[in-house]
């Protein structure tokens, strides 16, 4: 059922009910006003005829028939349009419209009362008349016929008004509702052809002048935009899954083939000399560790590509760096690792991602930053720089050649002597980009070793529109922006 029809029916039912309620109240008020006016009239008539009634009772008590007749005529003349009944100790006098003498009258009344005589009703007022010879009662009566006629007229008019209000109010409400819902119908026609699954057409911003309709249109645009965003994220997730399997198959093939070859050697030569057997087993352990590290790194890249903005919060970078340094010292107790961190620098970031960034920078420094004696000396710094937080990791190794600095963040880029996955620095670049920052590499202090510097905005920023660190397997145009050139 259309909204305008619903409104028309609702008003068509509600208005007659309101008319009936108003008519009932009007009847009560009219009845009260008529009765009040009638009672005032009775009081005025009772006051006017009371002296004549008192004189009539005195004349009757003194046994003066002629005087009594005179007083009775004067009494009935003064009564005018009301009925009068005077009840004394010896006689009763009545005249004018009043109930039959057989109708019992209430006793002890202090104000006007209603007396019924069959189908007729009367308003009656009693007054006590006191004389030297005794007391009597003066009754004044007024028929309710005129009042009832006026009440019946009011009832008929209320009924007619109610009957007319049903169709008129319903039609008027339907017409008004049809006009008022016009913008809503137009919005429905504009959105009827929108199918986000098959078309890129979206709802245009055309103000209708009706606040509620414009708010509904804005909500629809927001829903469609969120659908598009989630559809894009779903597509990215599918691409990520496909790329993960492709990259894993490509990168795992070589270590798996090497492991297969070593296993074949062990199987074909059960009596292999101990030195050779030890070498083969060492190769197997190395390749196994490399496979495990590669899978872990690919998983972490996938997590970074799919992380949502809701996971970001205020992170104390110094505390995160302290935890990362403590773990690195546990893994490499022979290395000299120092931390110089200012207290309290925070960023709006993803805490697991920032920890991953620091862990990989430290792992890279421990693997490639050893001096000529083979000892690793690493210094980690955390400081504020304006509205940024700067993280530096210095090592005492051979450094990074200038021409290689633009490529070391690419996926699967490994040095000649590296046994890693080639993804550690890629993870560092990914996390820097996710947090709206940058990562660079330059010569270390006093031109010794290398310095990796990460700059992160304290307030954070929106996530990159496209995150394809796991998908970008061939070093193609990367959507993330981070400095790869030396400063």
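Numbering (our numbering), first residue to last: 122 to 608. Ideal Cβ positions, reconstructed from N, Cα and C, are used throughout, including at glycine. Fair warning: this is a prediction, and the values are worked out from it, not measured in the lab.
Take residue i as the anchor and find which of the options has the nearest alpha-carbon.
i: residue 241; options: 404, 286, 258 and 220; result: 220
i: residue 269; options: 575, 378 and 155; result: 155
i: residue 291; options: 553, 135, 471 and 556; result: 135
i: residue 580; options: 569, 126, 445 and 556; result: 556
i: residue 210; options: 198, 191 and 253; result: 253
i: residue 312; options: 287, 299, 295 and 334; result: 334
i: residue 437; options: 466, 526 and 448; result: 466
i: residue 262; options: 256, 370, 435 and 246; result: 246
i: residue 217; options: 235, 339, 166 and 188; result: 166
i: residue 431; options: 472, 402, 416 and 439; result: 472
i: residue 233; options: 357, 285 and 161; result: 161
i: residue 404; options: 546, 383 and 294; result: 383
i: residue 157; options: 428, 244 and 402; result: 244
i: residue 182; options: 583, 142 and 208; result: 208
i: residue 150; options: 272, 410 and 440; result: 272
i: residue 275; options: 213, 144 and 428; result: 144
i: residue 578; options: 452, 266, 410 and 435; result: 435
i: residue 202; options: 152, 267, 213 and 360; result: 267
i: residue 213; options: 285, 184, 336 and 257; result: 257
Spell out the partners DSSP gives residue i in its beta bridges.
i: residue 469; result: 435
i: residue 577; result: 510
i: residue 244; result: 235 and 263
i: residue 502; result: 461 and 513
i: residue 250; result: 257
i: residue 354; result: For residue 354, which the question treats as bridged, DSSP gives no partner whatsoever.
i: residue 206; result: 215 and 260
i: residue 564; result: 571
i: residue 559; result: 576
i: residue 497; result: 491
So, at 7 Å on beta carbons, what are the nonlocal neighbours of residue i in its own chain, with the 5 sequence-adjacent residues on each side left out?
i: residue 494; result: none
i: residue 192; result: 173, 176, 177 and 180
i: residue 408; result: 376, 379 and 380
i: residue 450; result: 458
i: residue 520; result: 564, 565, 570 and 571
i: residue 477; result: 421, 548 and 552
i: residue 482; result: 514, 549 and 573
i: residue 195; result: 173
i: residue 567; result: none
i: residue 445; result: 476, 479, 480 and 483
Quick one: residues in its chain with C-beta nearer than 8 Å to the C-beta of residue i, no 5 flanking neighbours on either side, listed in chain order?
i: residue 442; result: 460, 462, 479, 501, 503 and 512
i: residue 170; result: 196, 199, 200, 205, 259 and 261
i: residue 393; result: 386, 387 and 401
Between which residues of its own chain and residue i is the CB-CB distance below 6 Å, once the five residues before and five after are set aside?
i: residue 491; result: 497 and 518
i: residue 576; result: 509, 511, 558 and 559
i: residue 215; result: 206
Using the Cα positions of residue i and residue j, report the straight-line distance between them to the nearest angstrom.
i: residue 397; j: residue 572; result: 40 Å
i: residue 475; j: residue 552; result: 7 Å
i: residue 173; j: residue 283; result: 51 Å
i: residue 163; j: residue 137; result: 38 Å
i: residue 565; j: residue 515; result: 6 Å
i: residue 287; j: residue 327; result: 38 Å
i: residue 297; j: residue 131; result: 13 Å
i: residue 381; j: residue 488; result: 27 Å
i: residue 347; j: residue 355; result: 12 Å
i: residue 204; j: residue 133; result: 49 Å
i: residue 447; j: residue 454; result: 10 Å
i: residue 562; j: residue 543; result: 16 Å
i: residue 229; j: residue 238; result: 20 Å
i: residue 374; j: residue 412; result: 10 Å
i: residue 351; j: residue 523; result: 41 Å
i: residue 390; j: residue 417; result: 33 Å
i: residue 186; j: residue 236; result: 32 Å
i: residue 309; j: residue 280; result: 41 Å
i: residue 440; j: residue 468; result: 12 Å
Exposed or buried, residue i, counting other C-beta atoms within 10 Å across all chains shown (16 or more means buried)?
i: residue 332; result: exposed
i: residue 146; result: exposed
i: residue 485; result: buried
i: residue 225; result: exposed
i: residue 530; result: buried
i: residue 300; result: exposed
i: residue 178; result: buried
i: residue 343; result: exposed
i: residue 470; result: buried
i: residue 614; result: In this structure the chain extends from 122 to 608, so residue 614 is not present and cannot be described.
i: residue 294; result: buried
i: residue 546; result: buried
i: residue 264; result: buried
i: residue 223; result: exposed
Spell out whether any CB of chain B is found under 8 Å from the CB atom of residue i.
i: residue 363; result: Among the chains in the structure shown there is no chain B, since it carries only a single protein chain.
Compute every distance between the C-beta of residue i and the non-hydrogen atoms of the ligand MG, then say whether any falls below 7 Å.
i: residue 144; result: The model on display carries no ligand, and the ligand MG is accordingly not part of it.
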